[in-house]
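Asks: Numbering (this note's numbering), first residue to last: 27 to 240. Yeah, the Cβ is synthetic: ideal placement off N, Cα and C, and Gly gets one too. Since this is a predicted model, take the numbers as computed values, not measurements. Before we start, here is the structure in question, set down as structure tokens.
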């Protein structure tokens, strides 16, 4: 029987099997199935690299009162973000994905199993409903909203296969930006940890260089 430690070691090691990111990509798009933790992953990446962070839900998709911006407005905002030299974006809606992809230098896909992403989504949604944590540009999830026709949980089931196909298609298409796909959160965590170590070393080297020049 495999021990928990052995499984963790294999998962961490497997992160090194993925192709290395381009040297210091300046524009990075995270993508994944609903509930996979894209926003948290993008935030961790932004913290490790110092790149500006943008949210598909907060900055582009939604207005207070659970009102979605028009497609035209979303595409305009997405284009303005994509035109910048440096950014990390935590997702891309289908109606404006074509706007940001040509500008991305790296796509990070969270291609987790349905059971894992769904379990994460249910726990997250219940927590947000109970704590009144603001989401989607100042809105609030409620227990009642979890059961409506356009609920986030129903959206998970409707979009899972399509989002998985999008990720895998991007990785297989040589005309698209380089794409790294992670199959489990432990692989992503190991990769992010490597980035953090590299960032610390780079900062120390830069500091030492400045000290020597004084």
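1) Using a Cβ-Cβ cutoff of less than 8 Å, which residues in the same chain neighbour residue 74 once the five nearest sequence positions on both sides are dropped?
2) Which partner residues of residue 205 appear in the DSSP bridge assignment?
3) Drop a sphere of 10 angstroms on the beta-carbon of residue 106, count the other beta-carbons inside from all chains shown, and report buried for 16 or more, exposed for fewer.
4) Decide if residue 173 is buried, meaning its Cβ has at least 16 other Cβ atoms within 10 Å, or exposed.
5) Where does residue 200 fall in DSSP's three states?
6) Any idea what DSSP makes of residue 58, helix, strand or coil?
7) Under 7 Å between the Cβ atoms of residue 137 and residue 212?
8) Would you list the one or two residues that DSSP bridges to residue 160?
9) Please identify the residue among 51, 128, 76 and 55 whose C-alpha is closest to the C-alpha of residue 200.
10) Which residues in the same chain as residue 147 place their Cβ atom closer than 8 Å to its Cβ, once the five residues preceding and following it in sequence are excluded?
11) What is the DSSP secondary structure of residue 79, counted as helix, strand or coil?
12) Return the residue from the list 215, 216 and 64 that minimises the CA-CA distance to residue 133.
13) Please list, in chain order, all residues of the same chain as residue 27 whose beta carbon is under 6 Å from its beta carbon, the five residues on each side excluded.
14) How should residue 192 be labelled, buried or exposed, when 16 other C-beta atoms within 10 angstroms of its C-beta is the threshold for buried?
15) How about residue 186 and residue 116: are their beta carbons less than 7 Å apart?
16) Considering only residues of the same chain and omitting the five flanking positions on each side of residue 72, which have a CB-CB separation below 6 Å?
17) Just verifying my parser: in three-state terms, what is the DSSP assignment at residue 53?
18) Please work out which residues of its chain come closer than 8 Å, Cβ to Cβ, to residue 121, disregarding the five sequence neighbours upstream and downstream, and give them in chain order.
19) With a 10 Å radius around its C-beta and 16 neighbouring C-beta atoms as the bar for buried, classify residue 164 as buried or exposed.
20) Taking the CB atoms as reference points, tell me whether residue 135 and residue 58 lie closer together than 7 Å.
Replies: So, from the listed chains and residues:
1) 218, 221, 222 and 225
2) 133
3) exposed
4) exposed
5) coil
6) strand
7) no
8) 166
9) 128
10) 60, 61, 178, 179 and 182
11) strand
12) 64
13) For residue 27, the predicted structure reports a pLDDT of 42, less than 50, and the residue's modelled location is therefore unreliable. The matter cannot be settled from this model.
14) buried
15) no
16) 79 and 114
17) strand
18) 97, 100 and 101
19) exposed
20) yes
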